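Participant: Supplied in structure tokens, the structure appears directly below.
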Amino acid sequence: MTAHCAESPELVAMLAGRRIAVLTGAGLSTDSGIPDYRGPDSPPSNPMTIRQFTSDAVFRQRYWARNHVGWRHMDDTLPNAGHRALAALEHASVVTGLVTQNVDLLHTKAGSRNVVNLHGTYAQVVCLNCGYTMSRAALAERLEELNPGFAERALAVGGLAVAPDADAVVADTASFRYLDCPRCGGMLKPDIVYFGESVAKDVVEQSYSLISEADALLVAGSSLTVFSGYRFVRHAAALGMPIAIINRGRTRGDDLATVKVDGGCSELLALLADELLPMTTH
């Protein structure tokens, strides 16, 4: 059953009285100013793969130059009404927890507590050789020392477009100096799952457990194109769990959905919270 924006009584009826696990994707963060790789209104984008990052020093230089400009925008981004609605529903024990494909930490900023960051977060970097980690903020200080004024010059030349992984669109990166691991000299990488990488097994198991303990699954803002998210919809379906999907456009999981609402996430989630929260007060 597919409904459109204003027609969501089926959604409320399906979720009312149930403990809800939530799976979120990039479509939830578009109202916070972070574009979606696959949304119907998204500009063409070719995210870097892990193979390009590890095998090509020029790609790595380009990535860190762009990331150096883009990460602060990500850090300054604020949660929208959809993130706040899910946090309120969790605080009321309607939502049991969240699995997010986003790396933007906006659920945590909104006050959600039980969050599995399926693809990691932009706020940490890790050494691929020795496992050393450091905060992105600490790395930013080092990169600024190596490239004084680079971010300001890049912004002055052409403004800023930011991708969902904190990558900014910067043309001239040939002079940029990036940092290797301060402990072993190995390759540093943002602690996020790149295209071509696998999600860590313990994170996958944590996500399965979170969904198994709920009575219903709500998918918000994900096309479910990549298997890392789609498998959890299949898992819920195998358990006989009702599944609701809110997304602009088709998703890979539409055939498994009990209710599909075609529309933007933030407004619909806020309306959903308005309906479900009064049911929790006696």
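In our numbering, the protein residues as written are 8 to 289.
All C-beta atoms in this analysis are idealised placements derived from N, C-alpha and C, irrespective of residue type, glycine included.
This structure is a prediction, so every number in the text was calculated from the model and none was measured.
#1: Distance check for T128 and L217, CA to CA, integer angstroms please.
#2: Could you say which of L263, E274, G271, I252 lies nearest to E17 if we only look at CA atoms?
#3: With a threshold of 16 other CB atoms inside 10 Å of the CB of G104, please say whether the residue is buried or exposed.
#4: Does DSSP put S219 in a helix, in a strand, or in coil?
#5: Would you kindly work out how many angstroms separate the C-alpha atoms of S39 and P86, rounded to a whole number?
#6: If you draw a straight line from the alpha carbon of Q108 to that of H126, how long is it in whole angstroms?
#7: List the endpoints of the continuous alpha helix (DSSP H) containing C134.
#8: Assign V200 to one of three DSSP states: helix, strand, or coil.
#9: Assuming S230 and A88 form a contact by the criterion Cβ under 8 angstroms, report the distance between their Cβ atoms to the nearest whole angstrom.
#10: Have a look at L278, T265, G271, T31 and flag the residue whose alpha-carbon is nearest the alpha-carbon of A122.
#11: What did DSSP end up calling S142 once you bin it into helix, strand or coil?
#12: Is N254 buried or exposed, if buried means 16 or more other CB atoms sit within 10 Å of its CB?
#13: State the beta-bridge partners of N254 as determined by DSSP.
#14: Name, in chain order, the residues that DSSP records as bridge partners for L105.
#15: Could you tell me which of F202, A181, V240, P249 sits nearest to W71, measuring between CA atoms?
#16: Determine whether the beta carbon atoms of T56 and G228 lie at a separation below 8 angstroms.
#17: Can you tell me whether S49 is helix, strand or coil according to DSSP?
#18: Quick one: residues in its chain with C-beta nearer than 8 angstroms to the C-beta of I27, no 5 flanking neighbours on either side, listed in chain order?
#19: Taking 8 angstroms as the cut-off, decide whether the C-beta atoms of L35 and H80 are in contact.
#20: By Cβ distance, which residues of its chain are closer than 8 angstroms to P51, with the 5 residues on each side in sequence left out?
#21: With 8 angstroms set as the bound, which would you pick, yes or no: does the beta-carbon of M248 sit closer than that to a beta-carbon of chain B?
#22: Name the one or two DSSP bridge partners that A227 has.
#23: Just curious, the alpha helix (DSSP H) that T115 is in, first and last residue?
#24: Looking at the secondary structure, which residues open and close the alpha helix (DSSP H) in which L85 lies?
#25: Just list the residues that DSSP pairs T290 with in beta bridges.
#26: Quick check: what's the CA-CA separation for D63 versus A145?
#27: How about L22 and L284: are their beta carbons less than 8 angstroms apart?
#28: Quick check on DSSP: helix, strand or coil for L276?
#29: Does DSSP put L195 in a helix, in a strand, or in coil?
Facilitator: The answer reads as follows:
#1: C-alpha separation (whole angstroms): 19 angstroms.
#2: Cα-wise, what sits closest to E17 is I252.
#3: The residue is buried, with at least 16 neighbouring Cβ atoms inside 10 Å.
#4: Look at S219 here: in three-state DSSP terms it is helix.
#5: Their Cα atoms are separated by approximately 6 angstroms.
#6: Between Q108 and H126, the alpha-carbon positions lie close to 6 angstroms from each other.
#7: Where C134 is concerned, there is no enclosing alpha helix (DSSP H), although the beta strand (DSSP E) it sits in stretches over 127-134.
#8: In the structure shown, V200 sits in coil (DSSP, three-state: anything other than H, G, I, E or B).
#9: With 8 angstroms as the limit, S230 and A88 do not qualify as a contact, their Cβ atoms being about 21 angstroms apart.
#10: Strictly speaking, residue 122 in this sequence is Val, with Ala absent from that position. Closest by alpha carbon: T31.
#11: Three-state result, S142: strand.
#12: By the neighbour-count definition (other C-beta atoms within 10 Å, threshold 16), N254 is a buried residue.
#13: DSSP lists D269 as partners of N254.
#14: According to DSSP, which records beta bridges pairwise, L105 is partnered with V29, V122.
#15: W71 has its Cα closest to that of A181, out of F202, A181, V240, P249.
#16: No Cβ-Cβ contact shorter than 8 angstroms links T56 with G228.
#17: For S49, the pLDDT reaches just 45, beneath the cut-off of 50, and the residue's location in the model is therefore unreliable, although a value from the coordinates is still provided. Coil at S49, not helix or strand.
#18: Closer than 8 angstroms at the Cβ level, and outside the excluded window around I27, lie L96, V101, V102, T103, A221, D222, A223, L224, L225.
#19: Cβ atoms of L35 and H80: not closer than 8 angstroms.
#20: Its pLDDT being 47, under 50, P51 is placed unreliably by the model, and nothing is read from it.
#21: Among the protein chains of the structure shown there is no chain B, as only one such chain exists.
#22: Bridge partners of A227: T31, I253.
#23: Start and end: 113-117.
#24: Looking at the DSSP string, L85 is not in any alpha helix (DSSP H), and its letter there is neither H nor E.
#25: A query on residue 290 cannot be resolved here, the shown segment of the chain reaching from 8 to 289 and no further.
#26: In a straight line, the C-alpha of D63 is about 24 angstroms away from that of A145.
#27: Not in contact: L22 and L284 (Cβ atoms no closer than 8 angstroms).
#28: Reduced to three states, the DSSP call for L276 is helix.
#29: In this structure, L195 counts as strand in the three-state DSSP scheme.
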